[in-house]
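Note sheet for the following structure.
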Amino acid sequence: MLEDSQGNLWLASQDSGVYYQPAGQTGFKHFKAKDGTGISSALHIYEDSAGNIWFGASRYDGESFRTFSTKDGFPSNNIRLLLEDKTGKLWFGAQGENMFVYDTRLNGEVEQGKTFTVLKNKDGKPFNNVWSVIEDRNGNIWFGDNDGLWRYDGKTFTKVSQRGAYAIIEDKEGNIWTTGANEPRMGQVWSLSRYDQEFIYNETPVVTEIMSQRPALLGLLEATDGSIWFGSMIGVYRYDGNTITDFKSKVDQQ
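Under the working numbering, the first residue of the sequence shown carries the number 69, and numbering increases by one thereafter.
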């Protein structure tokens, strides 16, 4: 779900297209693949700096939809996430496939036939199955894939941790928080982890494991009061810096 810069509300679905509610109205419009949108399933919604709305590999410019495919040079049709960084680069993560980037400064927009760069680590191995990506206050790109947590400073990719990162946020203090499997390829124990900003660029960053459990820990958000909210397959939790509150347990006790 996304509220865009014009106040319009967008809802994506697994297999029935996109729903759109114009600002100030109550009804929804339904865009389906047969309407010429090219969208049947959308795993992610994103608004770029030009006001385009992206639904995976499909882009809406305010007037029409355009869906990019491998025929356009797009490395994948299964886009899971998208981020536009401060320099204008678009970072795409694909489900079960490679991460790639497109530099809009070269062309102004994504154009047919232009080249997308598949990102690789220093060993020449592509980053595969990326689950999350953010840009921190210093312009570093953080993302998590099957091999752990990574940071890109504009020149070099650094593996920060073996721990996975299904979700990543930067808090008001500059700490990096993640939810993810302790061993991504095993996926048995998942944790909420904090990487302290004071030591975040050390060769071995200081990592504090706040909570771990077997059901997967998923979404992650910092509230205005500084507390950290995160979800799992079985409930919702809040960490206030000292105590973890399990809201499922609270409901069950009522």
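Glycine included, every Cβ here is placed at the ideal spot set by N, Cα and C.
Problem - Span separating the alpha-carbon of Asp293 from that of Phe225 - result: Straight-line Cα distance between these residues: approximately 33 Å.
Practice task
Report the residue from Ser229, Leu151, Ile107 and Gly141 whose alpha carbon sits nearest the alpha carbon of Arg134.
Solution key: Ranking Ser229, Leu151, Ile107 and Gly141 by Cα distance to Arg134 puts Ile107 first.
Problem - Outcome for Val201 when other beta-carbon atoms lying within 10 angstroms are tallied against a minimum of 16 - result: Of the residues assessed, Val201 falls on the buried side of the cut-off, its CB having 16 or more other CB atoms within 10 angstroms.
Practice task
Could you name the residues of the same chain whose beta carbon sits closer than 6 Å to that of Glu277, not counting the 5 residues immediately before and after it, in chain order?
Solution key: Cβ neighbours of Glu277 within its own chain (closer than 6 Å, five residues either side excluded): Ser259 and Ser261.
Exercise for the section: Could you please give the first and the last residue of the uninterrupted beta strand (DSSP E) stretch that includes Met279? Expected result: The continuous beta strand (DSSP E) containing Met279 extends over residues Val275 to Gln281.
Practice task
Have a look at the DSSP bridge pairing and note the partners of Ile237.
Solution key: Beta-bridge partners assigned by DSSP to Ile237: Trp245.
Exercise for the section: Taking only the alpha-carbon atoms, compute the straight-line gap between Gln180 and Asp140 and give it to the nearest angstrom. Expected result: Because the pLDDT of Gln180 is 47, which lies under 50, any placement of that residue in the model is unreliable, and the question is left without a value.
Exercise for the section: Find out if the Cβ-Cβ distance for the pair Trp199, Asp213 is shorter than 9 Å. Expected result: Result yes, Cβ atoms of Trp199 and Asp213 sit closer than 9 Å.
Problem - With 16 other Cβ atoms within 10 Å as the buried cut-off, status of Ile121 - result: Burial call: buried.
Problem - Coil, strand or helix - Gln321 by DSSP - result: Any reading at Gln321 is ruled out, since the residue's pLDDT is 48, under 50, leaving its predicted position unreliable.
Practice task
Flag this pair as yes or no: are the beta carbons of Phe160 and Ala235 separated by less than 9 Å?
Solution key: Result no, Cβ atoms of Phe160 and Ala235 do not sit closer than 9 Å.
Handout entry: Beta-bridge pairing of Phe133 - partner residues as DSSP gives them
Key = Within the DSSP secondary-structure output, Phe133 pairs in a beta bridge with Tyr128.
Practice task
Check whether the Cβ atoms of Asp129 and Thr155 sit closer than 9 Å, and answer yes or no.
Solution key: Their beta carbons are not under 9 Å apart, which means Asp129 does not touch Thr155 by this criterion.
Handout entry: Straight-line gap, Ala162 to Ile296 (C-alpha atoms, nearest Å)
Key = About 27 Å.
Problem - CA nearest to the CA of Ala101, picked from Tyr114, Gln89, Gly92 and Ala80 - result: In terms of CA proximity to Ala101, Ala80 leads the group Tyr114, Gln89, Gly92 and Ala80.
Exercise for the section: Starting from the C-beta of Glu165, find all residues in its chain whose C-beta is less than 8 Å away, skip the five residues before and the five after it, and write them out in chain order. Expected result: Within the same chain, and ignoring the five residues on either side of Glu165 in sequence, the residues whose Cβ sits closer than 8 Å to its Cβ are Pro143, Ser144, Asn146, Asn196 and Asn197.
Handout entry: Start-to-end residues for the beta strand (DSSP E) that takes in Trp258
Key = Where Trp258 is concerned, the enclosing beta strand (DSSP E) stretches over Trp258 to Tyr263.
Exercise for the section: Assign Gly75 to one of two classes, buried (16 or more other C-beta atoms within 10 Å of its C-beta) or exposed (fewer than that). Expected result: When all chains shown are included, Gly75 counts as exposed.
Handout entry: Own chain residues within Cβ distance below 7 Å of Thr185, not counting five before or after
Key = Correct list, in chain order: Phe168 and Val169.
Problem - DSSP three-state assignment for Glu165, whether helix, strand or coil - result: Glu165 falls in the coil class under three-state DSSP.
Practice task
Would you identify the three-state DSSP class for Ala284, choosing helix, strand or coil?
Solution key: Of the three classes helix, strand and coil, the one that applies to Ala284 here is coil, per DSSP.
Practice task
Note down, in chain order, each residue of its chain lying with its Cβ closer than 6 Å to the Cβ of Tyr87, except the 5 sequence neighbours on either side.
Solution key: Counting only Cβ-Cβ distances below 6 Å, and skipping sequence neighbours, we find Leu79, Phe96 and His98.
Problem - Rounded straight-line distance, which links the Cα of Ser300 to that of Tyr269 - result: Their Cα atoms are separated by approximately 29 Å.
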